[in-house]
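K.L.:
Letter 94 of the sequence shown, counting from 1, is numbered 81 in this note's numbering, and no numbers are missing. All residues carry an ideal CB built from backbone N, CA and C; glycine is no exception.
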Amino acid sequence: MKTLTVHDPEKKPIYDILFSKDYSALPDALQSKSLVYAGRRICIVSETNVAPLYADEVVALFRQCGAEVTVFIFPAGEASKNLDVVRQLYEHLILQHFDRKDMLVALGGGVVGDLTGFCAATYLRGIDFIQLPTSLLSQVDSSIGGKTGVDFDAYKNMVGAFYQPKLVYINLSVLKTLGEKEYLSGMGEIIKHGLIKDKNYYQEIKDSVSGILARDTDVLENIVYQSCNIKRHVVENDPKEKGERALLNFGHTIGHAIEKLANFRLLHGDCVSIGACAAAFLSMKRGMISPEEYDSIVHTFESYHLPVSLSETDSHINSRQVVSATKLDKKMESGHIKFILLQEIGSAVIDKTVSDDELLCAVSSVLK
C-alpha cells in the first residue's frame, strides 16, 4: 500500500495519506496510529448518496477495532454545506455524549469532508477526525491540507478553519461507483495540478486519457498519488495560504464566481475547468504562454469531457456579473484579487495587477 506523509513547517509528521484498492487495511491503519481503541466513540458523517454504499462496511470495520460507532447522514449536495447542518451535527454529538477523546470520520466527497472537518475543529474547541474521501475530486484535493469550512448563504467556504485530519485513507475502488459527470469533475483539479506545478505530470495526464476514462485502477492509483504528492508539497510549504498555497487557486477565482452565479447547480470541477481556461486565456493575452499552448490546455480539459465555457442553460450569466462576483471572493487582499496565471505550463505565479478590463476579457472568452 502506497503512503505519503504530510509534515508541518518544522518537518514533523502530521498525518499519512494511504492509498488502497479497498477498505480491508483500514483497521490496521487505525490501530497502528492508535486512532481507535475500545470504548472510543466514533461518529461517521456521510450523505444520502454515499452512506447506502459504504457506511455499513465502514461501521463494521470500526466496531471490529472496539469503537462505539454512530452515524450522521445529511442530504447530498452543496446545498447542505451550511451552518444549519453543522448545528444538527453538533446536536447529534451532544446527545451521543461525545467528548474531546472521541472522533469524527468524514465518509464522502468534498462537501462531507469540509463540513466534518469544520465540526471537528469547533466542537469542544477541537476533536480528532479522519478523511475517507469517496470522490476523485476529494481524494486529490479537499481531503488534504486541512482546509475546512461551510458556505454562508451563497458565499462559498466563507466560514471555516485550518484543521488537520489524523489520517486520509483513499480507497480507489470507490471511484467505480461514481456517476460519469461527478467522476470526471475531479479531473478539473488534477489537470490544474499539472499546469501549475509539473509539466511532465501534465503530459502524463494528457497521455492517460483512455485509462482514466476507463477507470483503470492502476492508472488511477498513479495519477491520484502524483496529484496528492503535488498538493502535499504545496501545503507543507504554506499550511495557511500565506504564499505558495494560493497557486492551488488557479481557475478558482472565476470558477467560484460562476459556481455562485449558477446557484451551485454546476459541479465544482466543471467550474474549475471553465475558470482555468479563462485564466489560461489571460496568460496567453499577456504573452506568458503561446496560442498553441492555450489551445492545448483547452483541448486537454475537453478530452476529459469537462466544460470549457458556459452552456446555453447558463446564458443568463454575463461577464460583468462574473467580475463583480470575483470581488466577493475570500481570496481578496486589500481590495486586490490574487489572480493565478501561468508563466509557462508547469509553473504558475500569483498576480495582483489583473485589471477589471482584463478580467472581463478573460471571462468573455468562456461565455460562448
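Report buried or exposed for GLN83, applying the criterion of at least 16 other Cβ atoms within 10 angstroms of its Cβ.
P.N.:
Exposed, by the Cβ-count rule.
K.L.:
Roughly how many whole angstroms lie between the Cα atoms of SER172 and ALA335?
P.N.:
Distance between the alpha carbons of SER172 and ALA335 is about 22 Å.
K.L.:
Can you name the start and end residues of the beta strand (DSSP E) that THR(-8) belongs to?
P.N.:
Its beta strand (DSSP E) spans residues -11 to -6.
K.L.:
Does DSSP put TYR212 in a helix, in a strand, or in coil?
P.N.:
Residue state, collapsed to three classes: helix.
K.L.:
Using 8 Å for Cβ pairs, my map puts LYS68 next to LEU123. What's the rounded Cβ distance?
P.N.:
That pair is no contact at about 18 Å.
K.L.:
Looking only at its chain, what residues have a beta carbon closer than 6 Å to the beta carbon of GLU34, apart from the 5 residues adjacent to it on each side?
P.N.:
Cβ within range, chain order: PHE61, ALA63, GLY95 and VAL99.
K.L.:
Our contact map puts VAL309 next to LYS179 with C-beta atoms below 8 Å; I'd like the distance itself, whole angstroms only.
P.N.:
Not confirmed; about 19 Å, so no contact.
K.L.:
What residues match up with LEU154 in a beta bridge as DSSP calls it?
P.N.:
Answer is ASP3, bridged to LEU154.
K.L.:
Do the CB positions of PHE149 and PRO39 come within less than 8 Å of each other?
P.N.:
In this structure, PRO39 does not lie closer than 8 Å to PHE149 by Cβ.
K.L.:
What would DSSP say about VAL37, mapped onto helix, strand or coil?
P.N.:
In the structure shown, VAL37 sits in coil (DSSP, three-state: anything other than H, G, I, E or B).
K.L.:
Does DSSP classify PHE49 as helix, strand or coil?
P.N.:
DSSP places PHE49 in helix when its eight states are reduced to three.
K.L.:
Quick one: give me the first and last residue of the beta strand (DSSP E) that LYS134 is part of.
P.N.:
134 to 139 is the span of the beta strand (DSSP E), which, as asked, contains LYS134.
K.L.:
Could you check what DSSP says for THR57 in three-state terms: helix, strand or coil?
P.N.:
In this structure, THR57 counts as strand in the three-state DSSP scheme.
K.L.:
Taking the alpha-carbon positions, what's the ASP194 to THR287 distance?
P.N.:
Using only the alpha carbons, I get a separation of about 10 Å.
K.L.:
Mind checking whether ALA66 and PHE326 have CB atoms under 8 Å apart?
P.N.:
Result no, Cβ atoms of ALA66 and PHE326 do not sit closer than 8 Å.
K.L.:
Note down the Cα distance separating CYS30 from ILE131, rounded to an integer number of angstroms.
P.N.:
Cα to Cα, CYS30 sits roughly 20 Å from ILE131.
K.L.:
With distance defined between alpha-carbon atoms, name the residue in LYS272, MET(-12) and GLU246 nearest to ASN158.
P.N.:
Nearest of LYS272, MET(-12) and GLU246 to ASN158, Cα basis: MET(-12).
K.L.:
Candidates LEU165, LYS184 and THR135: which alpha carbon is nearest GLY333's?
P.N.:
Minimum Cα distance to GLY333 is reached at LYS184.
K.L.:
Taking just the CA atoms, how far does ASP301 sit from THR121?
P.N.:
Straight-line Cα distance between these residues: approximately 29 Å.
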